[in-house]
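Chains as they are written, first to last, in our numbering: chain A, 83 to 663; chain B, 42 to 213; chain C, 924 to 1026. In what follows, a structure is listed as structure tokens, so that the remarks can point back to it.
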Amino acid sequence: MAGICVILVIALPWLGAVFVWLAGDERPEAQHRSAVLFSVLTGLVSLVLLFFASPEPALRLPLGRAFGELTFVPDGLGVSLTAIAAVVGSLAVIFSVDYMHGEAQLGRYYFLVLFFIGAMTGLVLSGNLLFTFFFWEITALSSYGLISFYNDDPKAVTAGIKALIMTQVGGVGLLAGTLIAFAHLGSLQISDLLARAATLPAGALAAIAFSFLVAAAAKSAQFPFHTWLPDAMEAPTPVSALIHAATMVNAGIYLLARFYPAFEPVPAWTSSVLLVGLISALISSVSALTANDLKRVLAYSTVSQLGYMVYAIGAGGILASQFHLLSHAVFKALLFLAAGSVIHSVGTRDLRRMGRLGPRMPFVRNVFIVGSLALVGVPILNGFWSKELILEIGLEHSPIWAYAVMLLCAGLTAFYTFRMVWLVFFGKERDYLQVHNAGSAMKVSLGILAAGTCLTWLFFGGLNGLLTSTLPFHELEHATLRQMAVAIVSAPATWLAMSIVAAGLIISWLRARGLALFGGGWLNPFVESSFGFEWVNRLMVRGTYRLAAQLSATQTGELNWNILGIIGALLVVLVVLWFGA
Amino acid sequence: MESMQSYGLDAFWEAVLLLGAVFCAYRAIVAKRILSATIYLACISALTSAIIYLLGAAQVAVMELSVGAGLVTVLLVYALSVVGDDAMDPASVIPKPLAFALVGLTAILLGSMAYPAIPAYFERGSMTLAISLWQSRVLDVWIQIVLIFSGVMGVLGLLSEKTPGRTQEIHQ
Amino acid sequence: MIVTPFNVILFGVVALLGVGFYGLLITRNLIKVVMVLQILIKGVVLALVLAGTVGGNPGLGQSTAATVIVADTIVAVVGLALAVQVRRRFGTLDVPKISTLRG
Chain A
83 MAGICVILVI ALPWLGAVFV WLAGDERPEA QHRSAVLFSV LTGLVSLVLL
133 FFASPEPALR LPLGRAFGEL TFVPDGLGVS LTAIAAVVGS LAVIFSVDYM
183 HGEAQLGRYY FLVLFFIGAM TGLVLSGNLL FTFFFWEITA LSSYGLISFY
233 NDDPKAVTAG IKALIMTQVG GVGLLAGTLI AFAHLGSLQI SDLLARAATL
283 PAGALAAIAF SFLVAAAAKS AQFPFHTWLP DAMEAPTPVS ALIHAATMVN
333 AGIYLLARFY PAFEPVPAWT SSVLLVGLIS ALISSVSALT ANDLKRVLAY
383 STVSQLGYMV YAIGAGGILA SQFHLLSHAV FKALLFLAAG SVIHSVGTRD
433 LRRMGRLGPR MPFVRNVFIV GSLALVGVPI LNGFWSKELI LEIGLEHSPI
483 WAYAVMLLCA GLTAFYTFRM VWLVFFGKER DYLQVHNAGS AMKVSLGILA
533 AGTCLTWLFF GGLNGLLTST LPFHELEHAT LRQMAVAIVS APATWLAMSI
583 VAAGLIISWL RARGLALFGG GWLNPFVESS FGFEWVNRLM VRGTYRLAAQ
633 LSATQTGELN WNILGIIGAL LVVLVVLWFG A
Chain B
42 MESMQSYGLD AFWEAVLLLG AVFCAYRAIV AKRILSATIY LACISALTSA
92 IIYLLGAAQV AVMELSVGAG LVTVLLVYAL SVVGDDAMDP ASVIPKPLAF
142 ALVGLTAILL GSMAYPAIPA YFERGSMTLA ISLWQSRVLD VWIQIVLIFS
192 GVMGVLGLLS EKTPGRTQEI HQ
Chain C
924 MIVTPFNVIL FGVVALLGVG FYGLLITRNL IKVVMVLQIL IKGVVLALVL
974 AGTVGGNPGL GQSTAATVIV ADTIVAVVGL ALAVQVRRRF GTLDVPKIST
1024 LRG
């Protein structure tokens, strides 16, 4: 049964992608309907798969001696991420029905979205490192295709290529780690790497650990690769919600969580992970304070929350990071989709031009406030429980200054979130904007996500059970919902965090009321250059372009040179065989 | 059963045939006119067919002879008649010594690595096996039929040309 | 090194393949390219029959050789038809001149 679910959850979106493409752009209604059908089916299958989780591979396909077996393992990490990807994916597709109404080239859009959903589920369910890499690359490709979807806009195209190049650096890290592991272990199975990590020579294990860290940092837009995500907001908003908030950027977190038991003994690895998360959270929280583009603020907050998750993994809290991943996926998707409603109706992303939209878009305002409260970490909503859990673990297992910085970030989060909500929905009207209310498909998605934001924390017990029972190598503690709730509510650290959050909210409210406190204008030059790290991005992108231009001289297109290449390669193979045999 | 002496004689004849084939191949490549190259190609087909017969595969030898020396030659001559035999021989794009060295090195490596795999003496295969094995290679037969059909369709499509007269009629 | 019937054929196969690849590297005429492919295929057919006989499965080797002959004939046919069309469209059969797909 698990095997069938695994096949369906990967094949259904891919079939849907081909189906939508074949329906043709002359029949947009058929395209919308079939995309929604296939994605909702995938969501349902993924929810069914939750009940069949097991640490044993559900599907084994022998691939010959070179690649071992293609296995799919539906363990807790995999099925929880699959469920998130598929369910949030279906909600984003439902939202797209209204958002992309009347847009051109719907076939390309839905194809890439469905292709992505299938690849993401394959990524987290795969038990073979090489196929994890393959699915990783497919998600990067879909992400690029969707960021550059409006391909007559040069900003979108540049952003897409920048994202592609930077995440490909991560892909190189993943491939390098895979190959080193294969060379030493002779097997590409993830379970083998986890079981026999201690038998690897220390240098090799460290190389694998740090290449995987680079891969995860590049994919999840962490320091020093954090510059591509804010620029990727040129994508259509449902894409931003799905790929750049709820699923693809979680692939890096998944990678770190999956291999934590293998890499924990490597000296300085956990500290590096901690630092990466910390710095990312801090830099992006500060950058969000002065951003003027609505989606950019949300992008910075995504990087910051991912920083929290990475910090949690560095401190040893796998459960906390996965719980926050669940909460974040739901409330961040909600925020992005609600922002998409706003942007779709007023036609601009600039915060300085919006104002007092609340009375004219009541439903969107309400769900946006729910999402923002979850982001800030107000009690009862799911963000509160998961963020407090992370801060608890941080207090116990990380240096006190790191904990202090994360607390500060919580305060900063409160500040910029309040600023964002105020500038959009309250205050005074700054510009004359046409507003139309959200369509019914949008309301469905937003409503479901808002309900999820209030309720997903109740699944903590289920998530805990799922993870502890199906992950044999991770040492996770058992905890029920009640234990967790009691522990959080009664811990003094929680009240400290709450007071910092309240301080952030109050300061922001006072500023909005006109009191000029903590003016942030001096930050702008730093933020624009991403605190000096834009040069990392520029280096990588320009270097790649230069190399590509130089290598294109070898592509003469002439038959004789191509044959020369073939024979040269044959000669190399023969020489290698001659010396190897 | 062949005796040891006839192995030596067979080797001699095979060596002669092979040398002839390689010589014809070289002449075909450096020939200035394509028509002469076509003749050389037919000779190669004949010689190769003889070697295949000596190896014991009579049906394959007949196929090779009829197809290589017959069908392909006719096709080439037809194509030449349509295209015109321009006797051009400009200098090659890749310098000849480089090509020679590369190919020579590859051939020597390949030959010396494959040499131990060939046993010295072996019994020749019987002649009617090709027919009896069509029962287990039926898929090959179907694939060949499909190939032939698609090849014919492709050629008909490629060679068809809109007659100039018809377009003039439409313009009028 | 004993020169036996089978070893000689191995050298012949390698020599034919070598001459064929040399021809592919040297030639500039599209029809010559089709002809050189034919030379290569003859070497391959020889190798297949040889391998079948030596490996103890002569029927398999011969049937595969027959399939390859059919396939290569189709290649020659379609290749020549393409060459005819290229001559009509481009006016020349010089391979470097008709290579417009560049990196």
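Quick reminder that beta carbons are idealized off the backbone N, C-alpha and C, glycines included. Predicted model, so just to flag it, every value in this text is computed and none were measured.
Distance between residue j and residue i (C-alpha atoms, nearest Å)
i        : j        : result
B/Leu78  : A/Ala314 : The sequence as given places Ala at residue 78 of chain B; Leu does not occur at that position. The alpha-carbon atoms of B/Ala78 and A/Ala314 are separated by roughly 60 Å.
B/Gly61  : B/Ile85  : 8 Å
A/Gly389 : A/Val358 : 7 Å
B/Leu151 : A/Leu656 : 7 Å
C/Val957 : B/Ile184 : 22 Å
C/Asn980 : C/Leu963 : 23 Å
A/Phe341 : A/Pro554 : 12 Å
A/Leu646 : C/Gly941 : 13 Å
A/Ala532 : A/His266 : 48 Å
A/Arg438 : A/Ser367 : 25 Å
C/Ala999 : B/Asp181 : 19 Å
A/Gly476 : A/Ala280 : 26 Å
A/Arg278 : A/Phe154 : 19 Å
A/Lys301 : A/Met330 : 8 Å
A/Ser362 : A/Arg378 : 15 Å
C/Pro928 : B/Ile93  : 12 Å
A/Thr636 : C/Tyr945 : 21 Å
B/Leu199 : B/Ala110 : 24 Å
A/Val179 : A/Ala520 : 12 Å
Same chain only: Cβ atoms within 7 Å of residue i, ignoring 5 sequence neighbours per side
i        : result
A/Thr164 : Val91, Ser128, Leu131, Thr203, Val206 and Leu207
A/Leu337 : Phe294, Ala297 and Ala298
A/Ala651 : none
Identity of the residue in the options nearest residue i by Cα
i        : options                                   : result
A/Tyr498 : A/Gly586, A/Pro574 and A/Ala523           : A/Gly586
A/Ala575 : A/Gly639, A/Val506, A/Ala486 and A/Leu540 : A/Ala486
A/Leu194 : A/Phe101, A/Asn374 and A/Ile582           : A/Phe101
A/Gly106 : A/Thr153, A/His183, A/Ala174 and A/Gln187 : A/Gln187
A/Phe258 : A/Ser224, A/Ala245, A/Ala297 and A/Phe231 : The sequence given here has Ala at residue 258 of chain A, not Phe. Residue A/Ala297 is the option with its Cα nearest to A/Ala258.
B/Val134 : A/Val517, A/Leu659, A/Glu640 and A/Ala492 : A/Glu640
A/Glu559 : A/Ser572, A/Phe450 and A/Phe542           : A/Phe542
A/Leu548 : A/Leu97, A/Phe120 and A/Asp157            : A/Asp157
A/Leu545 : A/Gly160, A/Leu123, A/Thr124 and A/Leu143 : A/Gly160
A/Leu287 : A/Ala303, A/His114, A/Leu455 and A/Glu346 : A/Glu346
A/Ala238 : A/Ser527, A/Trp310, A/Leu173 and A/Arg142 : A/Trp310
A/Val623 : A/Val446, A/Leu246, A/Gly209 and A/Leu489 : A/Leu246
A/Ala421 : A/Thr214, A/His406 and A/Phe445           : A/Phe445
A/Gly529 : A/Leu417, A/Gly242 and A/Glu111           : A/Leu417
A/Asp235 : A/Pro318, A/Ser273, A/Ser172 and A/Val460 : A/Pro318
B/Glu55  : C/Thr990, C/Leu969, C/Leu953 and C/Thr950 : C/Leu969
With 16 other Cβ atoms within 10 Å as the buried cut-off, status of residue i
i        : result
A/Glu474 : buried
A/Ala339 : buried
A/Phe218 : What sits at residue 218 of chain A in the sequence shown is Trp, not Phe. It is buried - the Cβ of A/Trp218 has at least 16 other Cβ atoms within 10 Å.
A/Tyr382 : buried
A/Gln349 : Reading off the sequence shown, one finds Pro at residue 349 of chain A, where the question assumed Gln. Classification of A/Pro349: exposed, given that the 10 Å Cβ count is below 16.
C/Lys955 : buried
A/Met83  : exposed
A/Trp699 : Because chain A here runs from 83 to 663, residue 699 of chain A falls outside it and cannot be looked at.
B/Gly206 : Only weak support is given to the placement of B/Gly206: the predicted model assigns it a pLDDT of 42, under 50, and the question is left unresolved by the model.
A/Asn210 : buried
A/Val658 : exposed
For residue j and residue i, believed in contact at Cβ under 8 Å, the rounded distance
i         : j        : result
A/Ser403  : A/Ala415 : Between A/Ala415 and A/Ser403 the Cβ distance is about 18 Å, and since that is not below 8 Å, they are no contact.
A/Pro77   : A/Ile199 : This structure cannot settle anything about residue 77 of chain A, because the visible part of chain A is limited to 83 through 663.
A/Pro312  : A/Leu419 : Wrong, their Cβ atoms sit about 18 Å apart, outside the cutoff.
C/Val1007 : B/Val113 : Contact doesn't hold; Cβ gap of about 15 Å is too wide.
Same chain, Cβ closer than 8 Å to residue i, five either side skipped, listed in chain order
i        : result
A/Ala584 : Ala496
A/Leu97  : Phe120
Any non-hydrogen atom of the ligand GTP within 8 Å of residue i CB
i        : result
A/Leu371 : The model depicted lacks the ligand GTP and carries no ligand whatsoever.
Close Cβ partners of residue i (< 6 Å) along its chain, the five nearest in sequence each way excluded
i        : result
A/Ala174 : Pro320, Ala323 and Leu324
A/Leu433 : Asn374, Leu376 and Leu505
B/Gln209 : Here B/Gln209 scores only 43 on pLDDT, less than 50, and its place in the model is too uncertain to base an answer on.
Return the residues of the region 629 to 661 of chain A that lie within a Cβ-Cβ distance of less than 8 Å from chain E, sorted by chain order. Here the protein chains are A, B and C, and chain E is not one of them.
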